[in-house]
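Protein chains in written order, with the working numbering: chain A, -7 to 234; chain B, 45 to 284. Ideal placement from N, C-alpha and C gives every residue a C-beta, glycine not left out. Please read all numbers here as calculations on a predicted model, not as lab measurements.
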């Protein structure tokens, strides 16, 4: 049930980027049709560089020619502009009440500040010791989120309650990367034994129409991780050579 | 008014706390302020912010809200009919304001910290360069948001003014603490003018700590932390 007359929407993204996934899923939840433009982040195109000159990153939402950057900023923007839209899975991404919004924003910030860097640290680590350190941090963050789920969901299916919400998007976009870390390093970031609530949530999240459409398979993330690692190694070698 | 009890757990030197206090001041909200000793955190703080154990924490009718940007937006939304609106009304302008708020916290403050307490002169120098680059970018942001008016919020104080303004005493202390002048009328004329204008506001004067006092305190903390690290390193070396 897309809202008519809300203008032209383009999204610059990367299939495995958790941040781009958030933006794409938000649009999908609202039934907003958009032109999706997959980017090559190793050879950034003009449109990306012009639309996000400050950070030169994806995602970028371009609405009637006006760019919006930063995944959580985009998600809130989509939630506000297409406030009345929805495809039957639920309309509001952030709840209406200020306290609920504050809790959702708190956990989204936690995911970005604590979980994401630790998870990427597992990928980037060059020694077993460093990797173990980052894994420890990742598990600690996920333990907090297990507790957060209990509080936020209040017995329902998602952080957002009956339907996918802000924190669901903030965390769900990392599921392909949890899968990648399992394949590459044998680490189970969430599992039924240690984080039963999150494990069950992950299954439900993966079953939603939006997730089925947008989330890539973990092996796509593995493929990209290998590309990134080659890139980091080359960059380190170049820096050392200087 | 029933059901509007506000308590703020803070620390006088914290710019994150200043942000929240400025927002409360702008909204004309009464609140109880509790100064925390961050070396000896209160039970209330530990219970209210078990995840980070940090200030600021705003407690509204017994319910805690943490993280300065989350708190400022909460104040704006929960007290929408009290005082001025901090975030713009238009969704696109709100997105721009949120973007620059994220920029300030991610791209300005990280190099600032490195310039302030980097372990080597090389690290500090790198921090300084990145900091100056970030400030120049922010100058562009101010131009975009203000559209020629005095503040990020245009004619009136807005979200972004509060987000950057909370840091103002620390920003003024940058030369003394990081060895580089942050706002230079030549390089960043808009931000320099903004700093003066913001600093002259009642809310700023009421809330922001004295720059001299802050600089002294920051230097002392930096020395304390360095000494603690050196002691820990020496102890570790002894073991091996």
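Out of curiosity, what's the CA-to-CA distance linking residue 33/A and residue 50/A?
Against the first chain, residue 33/A aligns to sequence position 41. Against the first chain, residue 50/A aligns to sequence position 58. For residue 33/A and residue 50/A, the distance between alpha carbons rounds to 8 Å.
Start and end of the alpha helix (DSSP H) containing residue 218/A?
Indexing the first chain from 1 puts residue 218/A at position 226. Membership of residue 218/A in the alpha helix (DSSP H) is indicated by the continuous run 210 to 233.
Can you list, in chain order, the residues of its chain with a C-beta nearer than 6 Å to that of residue 193/B? Leave out the 5 residues immediately preceding and following it.
Stepping through the second chain from its first residue, residue 193/B is reached at position 149. The answer, listed in chain order, is 199.
Burial state of residue 80/A, where buried means 16 or more other Cβ atoms lie within 10 Å:
The sequence position of residue 80/A within the first chain is 88, counting from 1. Model confidence at residue 80/A stands at a pLDDT of 45, short of 50, so the residue's coordinates are unreliable and nothing is read from them.
Throw me the rounded Cβ distance for the residue 52/B and residue 89/B pair, which I believe falls under 8 Å.
In the second chain, counting from the first residue as 1, residue 52/B sits at position 8. In the second chain, counting from the first residue as 1, residue 89/B sits at position 45. Going by Cβ atoms, the distance from residue 52/B to residue 89/B rounds to 11 Å, so no, they are not a contact pair.
Cutoff 8 Å: residue 69/A Cβ touching any chain B Cβ
Here residue 69/A corresponds to residue number 77 of the first chain, with the count starting at 1. Cβ-Cβ to chain B under 8 Å: yes for residue 69/A.
Can you list, in chain order, the residues of the region 139 to 161 of chain B whose Cβ is nearer than 7 Å to any Cβ on chain A?
When CB distances to chain A are screened at a threshold of 7 Å, the residues of the region 139 to 161 of chain B falling below it are 139, 142, 143, 146, 147, in chain order.
Return the CA-CA distance between residue 82/A and residue 196/B, expressed in angstroms with no decimal places.
Within the first chain, numbered from 1, the residue matching residue 82/A stands at position 90. Within the second chain, numbered from 1, the residue matching residue 196/B stands at position 152. Because residue 82/A carries a pLDDT of 48, less than 50, the predicted location of this residue cannot be relied on, and the following value inherits that uncertainty. Between the alpha carbons of residue 82/A and residue 196/B lies a gap of roughly 35 Å.
Please state whether the Cβ-Cβ distance between residue 184/A and residue 191/A is less than 8 Å.
Along the first chain, read from residue 1 onward, the residue named residue 184/A stands at position 192. Along the first chain, read from residue 1 onward, the residue named residue 191/A stands at position 199. Yes, Cβ-Cβ distance for residue 184/A and residue 191/A is below 8 Å.
How about residue 15/A: is its C-beta nearer than 8 Å to some C-beta of chain B?
Residue mapping note: residue 15/A aligns to position 23 of the first chain, counting from 1. It does not: the Cβ of residue 15/A has no partner Cβ on chain B nearer than 8 Å.
Taking the straight line between their C-alpha atoms, what separation do you get for residue 6/A and residue 210/A?
One-based indexing of the first chain puts residue 6/A at position 14. One-based indexing of the first chain puts residue 210/A at position 218. Each residue's Cα considered, the two are about 14 Å apart.
Could you tell me how far apart the beta carbons of residue 114/B and residue 130/B are, in whole angstroms, since I believe they sit closer than 8 Å?
For the purposes of this step, residue 114/B is identified with residue 70 of the second chain, where counting begins at 1. For the purposes of this step, residue 130/B is identified with residue 86 of the second chain, where counting begins at 1. Actually they do not touch by this definition, with Cβ atoms about 13 Å apart.
Neighbour list for residue 144/A in chain B, Cβ cutoff strictly below 9 Å:
Your numbering for residue 144/A matches position 152 in the first chain. None at all; the shortest Cβ gap to chain B is about 13 Å.
For residue 71/A, does the count of other Cβ atoms within 10 angstroms reach 16, so buried, or fall short, so exposed?
Walking along the first chain from the start, residue 71/A turns up at place 79. When all chains shown are included, residue 71/A counts as buried.
Could you list which residues in chain B have their beta carbon closer than 8 Å to that of residue 58/A, in chain order?
By 1-based counting over the first chain, the position of residue 58/A is 66. Residues of chain B passing the Cβ test: 136.
Beta carbon proximity, residue 166/B to chain A, threshold 8 Å:
Looking up residue 166/B in the second chain gives position 122. Against chain A, the CB of residue 166/B has no partner CB under 8 Å away; the residue lies outside that interface.
Closest residue to residue 105/A among 64/A, 85/A, 73/A, 91/A (Cα-Cα distance)
On the first chain, position 113 is the one that residue 105/A refers to. Closest by alpha carbon: 64/A.
For residue 61/A, return the contacting residues in chain B, with the cut-off set at a CB-CB distance below 7 Å.
Here the question's residue 61/A lines up with position 69 in the first chain. By Cβ distance, chain B contributes 143.
Among 55/B, 56/B, 69/B, 61/B, whose alpha-carbon lies nearest the alpha-carbon of residue 202/B?
Against the second chain, residue 202/B aligns to sequence position 158. That would be 69/B, whose Cα lies nearest to the Cα of residue 202/B.
With three or more beta-carbon pairs closer than 8 Å as the criterion, would you say the region 206 to 224 of chain A touches the region 219 to 235 of chain B?
Judged by pairs of C-beta atoms under 8 Å, the region 206 to 224 of chain A does not touch the region 219 to 235 of chain B, as fewer than three such pairs exist.
Amino acids of chain B, ordered along the chain, whose beta-carbon sits closer than 8 Å to that of residue 72/A:
Locating residue 72/A in the first chain gives position 80, where the first residue counts as 1. Residues of chain B with a Cβ closer than 8 Å to the Cβ of residue 72/A are, in chain order, 135, 138.
Have a look at residue 3/A and residue 163/A and give me their C-alpha separation to the nearest angstrom.
On the first chain, position 11 is the one that residue 3/A refers to. On the first chain, position 171 is the one that residue 163/A refers to. Each residue's Cα considered, the two are about 20 Å apart.
Helix, strand or coil: which one does DSSP assign to residue 191/B?
Position 147 of the second chain holds residue 191/B. Coil.
Residues of chain B with a CB under 9 Å from the CB of residue 102/A: which are they?
Along the first chain, one-based indexing puts residue 102/A at 110. Residues of chain B with a Cβ closer than 9 Å to the Cβ of residue 102/A are, in chain order, 95, 96, 111.
If you follow the alpha helix (DSSP H) that residue 107/B is in, where does it begin and where does it stop?
Your numbering for residue 107/B matches position 63 in the second chain. For residue 107/B, there is no enclosing alpha helix (DSSP H); the enclosing beta strand (DSSP E) covers residues 107 to 110.
Following the continuous alpha helix (DSSP H) through residue 143/A, name the residue where it begins and the one where it ends.
What you label residue 143/A is simply residue 151 of the first chain in a count that begins at 1. For residue 143/A, the enclosing alpha helix (DSSP H) starts and ends at 120 to 145.
What in chain D is Cβ-close to residue 118/B, meaning under 9 Å?
This model lacks chain D altogether; the protein chains it does include are A and B.
Just to confirm my understanding: we take residue 218/B, look at its own chain, exclude 5 residues before and 5 after, and list those with CB closer than 6 Å. What are they?
For the purposes of this step, residue 218/B is taken as residue 174 along the second chain, with counting starting at 1. Setting aside the 5 residues that flank it on each side, residue 218/B is surrounded in the same chain by 226, each with a C-beta closer than 6 Å to its C-beta; the list follows chain order.
Counted within 10 angstroms of its Cβ, other Cβ atoms place residue 200/A as buried (16 or more) or exposed:
Sequence index remark: in the first chain, residue 200/A carries index 208 (1-based). Residue 200/A should be labelled buried.
Taking Cβ-Cβ distances below 7 Å as the criterion, which residues of the region 30 to 61 of chain A are in contact with chain B?
Within the region 30 to 61 of chain A, the residues whose Cβ lies closer than 7 Å to some Cβ of chain B are 46, 58, 60, 61, listed in chain order.
Are at least three pairs of beta-carbons, each pair with one atom in the region 88 to 99 of chain A and one in the region 35 to 47 of chain A, less than 8 Å apart?
No: the two stretches stay apart, fewer than three of their Cβ pairs being nearer than 8 Å.
Between residue 107/B and chain A, is there a C-beta pair that is closer than 8 Å?
Stepping through the second chain from its first residue, residue 107/B is reached at position 63. Judged by the 8 Å Cβ criterion, residue 107/B is in contact with chain A.
Starting from the C-beta of residue 26/B, find all residues in its chain whose C-beta is less than 8 Å away, skip the five residues before and the five after it, and write them out in chain order.
Lying before the first or after the last residue shown, residue 26/B is absent from chain B, which here runs from 45 to 284.
Chain A residues whose Cβ lies nearer than 7 Å to that of residue 121/B:
To locate residue 121/B, count along the second chain from 1; it is residue 77. Under the 7 Å cutoff, chain A gives 90, 93.
Roughly how many angstroms lie between the CA atoms of residue 71/B and residue 127/B, to the nearest whole one?
Position 27 of the second chain, counting from 1, holds the residue named residue 71/B. Position 83 of the second chain, counting from 1, holds the residue named residue 127/B. For residue 71/B and residue 127/B, the gap between their C-alpha atoms comes out near 4 Å.
Can you check which of these residues, 175/B, 252/B, 169/B, 245/B, is closest to residue 210/B by C-alpha distance?
Sequence index remark: in the second chain, residue 210/B carries index 166 (1-based). Taking only the C-alpha atoms, the option nearest residue 210/B is 252/B.
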